[in-house]
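Inspection log for the structure reproduced underneath, given as structure tokens.
Protein chains in written order, with full-length UniProt numbering: chain A, 1 to 245; chain B, 1 to 317.
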């Protein structure tokens, strides 16, 4: 079974977010980049499926050379080869188009990614890739079991979940608890150095959006502490100051 | 400007977030809405109060389940047949899965997590919440057709419009679009949906076990709130995953978020930092969550919550 896993290269959740150049560029200074947490779940499930069924896991990122350590980490976790589309991921449609064009070059049974990236949080790319390839797309997928040519998936819906049966191939945006995150072991890290990492140029430069400017939210005021024996004061503040009840 | 709004329903009622999407659409243009599956004409006409002039109804029973491919097809057809320039939808589990497909079908630029009305004095610029609420980006949509998925509480709900007219909208749907079979669907009955809720009461490990959730539920009931939880609580199966609030769970933006026995790990804060007001109740005065809160109480949840519940009941009576 051939699985394509698309990963993002994003700032760690704990990063302080700041911008430079008159708020038009993300400030990378001191920021640690990681595989997107949702993408990490997708990758872990792909490696499990490969271990159970045989086949190959290809990991894909759209990004400049700076993302290669993130791709190497995915190889250390268990992907067999990596592809980097050499371009800044400037727009969700642009990224989806690159993924779809790479996917057309291989015969993939599954195309997995996180339900959303944790930088732009759009959650739009899986649907776009599905439409571009004429394949079904599902998100957020929390269970994925493959049996021969079909799969049983569980999708989270608001207030619950639904189970579906669907034929391969398809695109899925994944989230926990689809698999446990995998931590690369020493053997994985050593073998990742020699696994293939192919760099390809973008096929299409169409973008549908342009970033005008970033903004940071207004700083939060100080917390008002209320005595545990005076809950009436909290009720009063919620009613008359915050006006939310 | 001609606007199409996608309306989602829940138990035959228009979701509150969809009513907000209609209000958003009405603030930028003339709104036709589209809804799919069984729902009464009377309920659909009520979309007029929020600013819809007309509601298109694709009533085919096959559309009662929220299937991604058929939904994308019907909404795209409605967009084209109404000559709309902008599609507005509330952000939701279903809308997220559907709008990417529509964007490709229509060649329309797509902005998600939109938190304000667009600025149109120079191009069409929307403000989107990014980095899980830690920043915003102003994005220019450069195509003629546009899609906006709006965040909860992005706009004041309009309620004073006249009833909308309701028209059948029939689309021939290829069987191939129904390739995915929903084999079962589980849904908590009668609860307030977490992403829709104006008030959320969440519990963490400080509650010591699932058997103690009664005090959370009682408080939620008094406030008409949804219940949420932290990641460890969902990981330990004390509560179902769809209640998990945080970086890898549900991101909420209610008017009021009450966190009980949650220390406030950064992954949890990522899910709540768009809330208008945050109340933290924790017995550890060093809990990092207090720094992100508007109001805080240091105290034992098992003593504070019942007292708070009684005081709220009195105040709301």
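Note that CB positions come from ideal geometry on N, CA and C, so glycine has one too.
Any C-beta of chain B under 8 Å from that of residue i
i, result
"residue 119(A)", "yes"
"residue 228(A)", "yes"
"residue 111(A)", "no"
"residue 239(A)", "yes"
"residue 9(A)", "no"
"residue 14(A)", "yes"
"residue 32(A)", "no"
"residue 108(A)", "no"
"residue 137(A)", "yes"
"residue 145(A)", "no"
"residue 46(A)", "no"
"residue 285(A)", "Here chain A covers residues 1 to 245 and nothing more, so residue 285(A) does not appear."
Chain A within 8 Å of residue i, Cβ atoms only
i, result
"residue 96(B)", "yes"
"residue 284(B)", "no"
"residue 74(B)", "no"
"residue 1(B)", "no"
"residue 138(B)", "yes"
"residue 290(B)", "yes"
"residue 264(B)", "no"
"residue 134(B)", "yes"
"residue 323(B)", "With chain B covering only 1 through 317, there is no way to say anything about residue 323(B)."
"residue 268(B)", "no"
"residue 207(B)", "no"
"residue 179(B)", "yes"
"residue 236(B)", "no"
"residue 111(B)", "yes"
"residue 159(B)", "no"
"residue 299(B)", "yes"
"residue 70(B)", "no"
"residue 77(B)", "no"
"residue 252(B)", "no"
"residue 105(B)", "yes"
"residue 295(B)", "yes"
"residue 9(B)", "no"
"residue 384(B)", "Because chain B spans 1 through 317 in this model, residue 384(B) falls outside it and cannot be assessed."
Distance between residue j and residue i (C-alpha atoms, nearest Å)
i, j, result
"residue 125(B)", "residue 139(B)", "5 Å"
"residue 229(B)", "residue 147(A)", "34 Å"
"residue 298(B)", "residue 22(A)", "41 Å"
"residue 152(B)", "residue 167(A)", "35 Å"
"residue 78(A)", "residue 112(A)", "15 Å"
"residue 42(A)", "residue 93(A)", "21 Å"
"residue 125(A)", "residue 115(A)", "9 Å"
"residue 129(A)", "residue 272(B)", "30 Å"
"residue 90(B)", "residue 193(B)", "14 Å"
"residue 217(B)", "residue 226(B)", "9 Å"
"residue 107(A)", "residue 151(A)", "17 Å"
"residue 149(B)", "residue 95(B)", "8 Å"
"residue 255(B)", "residue 217(A)", "17 Å"
"residue 176(B)", "residue 186(A)", "47 Å"
"residue 90(A)", "residue 265(B)", "30 Å"
"residue 36(A)", "residue 193(A)", "21 Å"
Supposed contact pair residue j and residue i - C-beta distance, whole angstroms, cut 8 Å
i, j, result
"residue 70(A)", "residue 26(A)", "Not a contact, Cβ separation roughly 16 Å."
"residue 296(B)", "residue 5(A)", "So it is not a contact: roughly 42 Å between Cβ atoms."
"residue 180(B)", "residue 48(B)", "Incorrect: roughly 34 Å between the Cβ atoms, too far for contact."
"residue 97(B)", "residue 68(B)", "5 Å"
"residue 142(B)", "residue 156(A)", "That pair is no contact at about 33 Å."
Burial state of residue i, where buried means 16 or more other Cβ atoms lie within 10 Å
i, result
"residue 196(B)", "buried"
"residue 109(B)", "buried"
"residue 118(B)", "buried"
"residue 127(B)", "buried"
"residue 98(A)", "buried"
"residue 208(B)", "exposed"
"residue 135(A)", "buried"
"residue 20(B)", "buried"
"residue 63(B)", "buried"
"residue 247(B)", "buried"
"residue 139(A)", "buried"
"residue 220(A)", "exposed"
"residue 172(B)", "exposed"
"residue 202(B)", "buried"
"residue 196(A)", "exposed"
"residue 88(A)", "exposed"
Cβ-heavy atom distance, residue i to the ligand SAM, below 7 Å
i, result
"residue 143(B)", "With respect to the ligand SAM, the structure offers nothing, as it holds no ligand at all."
(Q) Give the list of continuous alpha helix (DSSP H) stretches no shorter than 4 residues that lie fully inside the segment 50-123 of chain A. (A) 68-77 and 92-105
Length-filtered (4 minimum) alpha helix (DSSP H) runs lying within the segment 110-198 of chain A: 125-133 and 186-192
*asked:* Report the start-end ranges of each beta strand (DSSP E) in the segment 189-257 of chain B that is 3 residues or longer and not cut off at the edges.
replied: Runs found: 199-203 and 226-229.
_beta strand (DSSP E) segments (min. 3 residues) lying fully within the segment 129-186 of chain B_ = 135-141, 146-150 and 165-168
task = Could you name each continuous alpha helix (DSSP H) segment of 4 residues or more that falls completely within the segment 79-116 of chain B, going from the start of the chain to the end?
result = 93-106
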